[in-house]
Amino acid sequence: MALDYSKKVMDHFMNPRNVGEIENADGVGEAGNPKCGDIMKIYLKVNPDTKIIEDVKFKTFGCASAIASSSMATELIKGRTVEEAWNLTNSAVAEALDGLPPIKMHCSVLAEEAIHTALNDYRKKNGMAEIPMEHHED
Amino acid sequence: MFVYLDHTATTPTSPEVLQAMTPYFGEIFGNPSSVYSFSRKSREAISKARGQVADALNADSSEIYFTGSGTEADNWALKGTLEKGKIAGKNHIITTAIEHHAILHTCEYLKKVEGAEVTYLPVDSEGFVSVDDVRKAITDKTALVSVMFANNEVGTIEPVAEIGALCHEMNIPFHTDAVQAAAHLKIDVKAMNIDMLSMSAHKMYGPKGVGALYMRKGLRPENFVHGGAQEHGRRASTENIAGIVGFGAAMEILQTRLADDIAVNSARRDKLIAGILERIPHAKLNGATGNHRLPNNINFSFIGVEGETLLLDLDAKGISASTGSACSSESLDPSHVLLALGLKHEMAHGSLRFTIGRLTDDKQIDYVLDVLPEIVARRRAMSPLWEDYIKGEK
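Those protein sequences? They're chains A and B, same order as listed.
Using my numbering, you'd call the opening residue of the first sequence number 1 and step up by one each time.
Using my numbering, you'd call the opening residue of the second sequence number 1001 and step up by one each time.
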């Protein structure tokens, strides 16, 4: 199937922001599985005093929209507090990309889920209770 | 730079074919079914094309029926044969797990609407169907065996002559979907024991919108398209004369150059395969090798990378290719063919197919070998699967 991606999706796919890993990250989260063809892994560096996400990196296996969603999601939470980051929704990611094809919306859901998993990892490491989160099949 | 490496998807109509077709859009427009002498030219043109297709297959021209596509030919062969078989109490079809959707979805329809029973034979890791599996699957209810001549995704050439011989021994009609094979291999329906064979013109530098079904004399599956008495009363519709003429011309031209095409394409195919294996670590060739593989097919999986990303990266470099990844389909499942070969989901998602042809030259092969390693390496560097894989290796 030919997919017509927006210019923003293509930009974030061809030149993804924040690719990589963070050593001794304060939070690491992974979402997706090889079966569905998308895996996202997010690394967070959080300022212990301000609770601001000072750095964020990702690694993603998946299609163009999965890579673009990861790239955009990391851009959107960088410089935000952990609370603000938790409130980032998948539709905000998709909107920031000027939309995703309907069949690709799950990519933005995965980005939200990977961030939530990373934030919960951060909470756990800092002695806070994890926030219950929805798990998506794809 | 435009590097078209998707000849299995379709091919351009060649200038010679287009030239042969042109008069039938304008000056020679008569309806072949009309009585007056002007329409005879149209009848003669169709008759010539039927002969050209028949000659290429070592068939009789009365055994060639033009259709609207290869898909229609498949639909006709399966539906028409099962409907005929049901009258004699036979409602079982044997086919394979790696057929084109034109076969698989028709089988699903027949299960649902006609109560057919369908056996989908497995394939081995290179995509081969076992003749013995066909033998074991045959029952006294078997109405038809349909096994593709060569697979469109991975290029594996099936043992059709042996399967055909078995079917003749058991007195069961044998159909083969040769939509890809007919464009790349010499086919002799008599020597290969084929009763029915589907083809499509646009895979062999003919026009889109025309296909054909070869049916051995004496076979009478039910009609599929009902109406007028065209195609010996067996496939209604006013003939697509220009398309049929184009199909005949394309088929004849192909036969004159087939031996050279096979040699040239096989050499380029093997150069590309060897080059990829040499330059890209952990690249897996999908399908068979050598003479058991279509001369124009190259299909790889690259651990840790997803196919659609490779297609888009290649497209940015001017290269057109194809993938079995879910991301290029309507569903989230990757290619049924690659899964049937036993590939893990992530490997099936990471497949990349190049299919070469008349638009290909050696420079293009070198160009692909220049740009592909960097593309794969860059995408792997951002893949958590690749990271895990490399860690597992150490």
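Cβ coordinates follow ideal geometry from the N, Cα and C atoms, glycine included.
This structure is a prediction, so every number in the text was calculated from the model and none was measured.
Pairwise C-alpha distance: residue j and residue i
i: A/VAL46; j: B/LYS1391; result: 27 Å
i: A/ASP138; j: A/ILE42; result: Bear in mind that the predicted position of A/ASP138 carries a pLDDT of just 43, short of 50, making it too unreliable to give a figure here.
i: B/ILE1163; j: A/ALA25; result: 60 Å
i: B/LEU1185; j: B/ARG1257; result: 11 Å
i: A/PRO16; j: A/ILE115; result: 17 Å
i: A/ALA94; j: A/ALA129; result: 29 Å
i: A/ILE139; j: A/THR50; result: For residue 139 of chain A there is no data in the structure shown, the boundaries of chain A being 1 and 138.
i: B/LEU1343; j: B/SER1125; result: 8 Å
i: B/ALA1381; j: B/LYS1048; result: 57 Å
i: B/LYS1271; j: B/ALA1377; result: 21 Å
i: A/GLU21; j: B/PHE1300; result: 28 Å
i: A/TYR5; j: A/THR89; result: 20 Å
i: B/GLY1209; j: B/MET1215; result: 20 Å
i: B/ALA1123; j: B/MET1347; result: Just to set this straight, residue 1123 of chain B is Val in the shown sequence, not Ala. If you take the alpha carbons of B/VAL1123 and B/MET1347, they lie about 17 Å apart.
i: A/GLU30; j: A/LYS125; result: 16 Å
i: B/MET1196; j: B/LEU1213; result: 7 Å
i: B/ASN1058; j: B/ALA1259; result: 16 Å
i: B/LYS1141; j: B/PRO1384; result: 51 Å
i: B/ALA1143; j: B/HIS1168; result: 12 Å
i: B/SER1062; j: B/GLU1231; result: 9 Å
Extent of the continuous beta strand (DSSP E) to which residue i belongs
i: B/PHE1002; result: Taken as a continuous stretch (DSSP letters only), B/PHE1002 belongs to no beta strand (DSSP E), as it is neither H nor E.
i: A/LEU44; result: 38-46
i: B/THR1355; result: 1351-1355
i: A/TYR122; result: That residue, A/TYR122, is in no beta strand (DSSP E); its alpha helix (DSSP H) goes 105-125.
i: B/TYR1389; result: Per DSSP, B/TYR1389 belongs to no beta strand (DSSP E); it is in the alpha helix (DSSP H), 1384-1393.
i: B/ALA1283; result: 1283-1285
i: B/PHE1302; result: 1297-1302
Exposed unless 16 or more other CB atoms sit within 10 angstroms - verdict on residue i
i: B/LYS1203; result: buried
i: B/PRO1221; result: buried
i: A/MET1; result: Note that A/MET1 scores 45 on pLDDT, short of 50, meaning its location in the model is unreliable and no value can be drawn from it.
i: A/MET133; result: exposed
i: B/ALA1316; result: exposed
i: B/GLY1233; result: exposed
i: A/MET72; result: buried
i: B/VAL1113; result: exposed
i: B/TYR1065; result: buried
i: A/ASN33; result: exposed
i: B/TYR1036; result: exposed
i: A/ARG48; result: The amino acid occupying residue 48 of chain A in the given sequence is Pro; Arg does not appear at that position. Exposed, since its Cβ has fewer than 16 Cβ neighbours within 10 Å.
i: B/ASN1291; result: exposed
N-terminal and C-terminal residue of the alpha helix (DSSP H) that residue i is part of
i: B/ASN1265; result: 1241-1279
i: B/GLY1307; result: 1307-1316
i: B/ILE1375; result: 1362-1381
i: B/VAL1336; result: This sequence places His at residue 1336 of chain B; Val is not what is there. 1336-1340 is the extent of the alpha helix (DSSP H) around B/HIS1336.
i: A/SER70; result: 64-77
i: B/HIS1232; result: 1230-1233
i: A/ALA96; result: 90-96
i: A/MET10; result: 7-14
Test: residue i CB closer than 8 Å to a CB of chain A
i: B/LEU1385; result: yes
i: B/GLY1304; result: yes
i: B/SER1033; result: no
i: B/MET1001; result: no
i: B/MET1382; result: yes
i: B/SER1351; result: no
i: B/PRO1207; result: no
i: B/PRO1281; result: no
i: B/PRO1015; result: no
i: B/HIS1345; result: yes
i: B/LEU1005; result: no
Any chain B beta carbon closer than 8 Å to residue i
i: A/GLU113; result: no
i: A/ILE52; result: no
i: A/THR74; result: no
i: A/GLY37; result: yes
i: A/PRO16; result: yes
i: A/ILE22; result: no
i: A/HIS41; result: Residue identity differs from the one stated: residue 41 of chain A is Lys in this sequence, not His. For A/LYS41, the answer is yes, since a Cβ of chain B falls inside 8 Å of its Cβ.
i: A/PRO34; result: yes
i: A/LYS59; result: yes
i: A/GLY99; result: no
i: A/VAL28; result: no
i: A/VAL19; result: yes
Unbroken stretches of the alpha helix (DSSP H), 4 residues or longer, contained in the segment 1008-1070 of chain B
1015-1021 and 1040-1057
Runs of 3 residues minimum, wholly inside the segment 1110-1191 of chain B: which ones carry the beta strand (DSSP E) assignment?
1117-1121, 1142-1146 and 1174-1177
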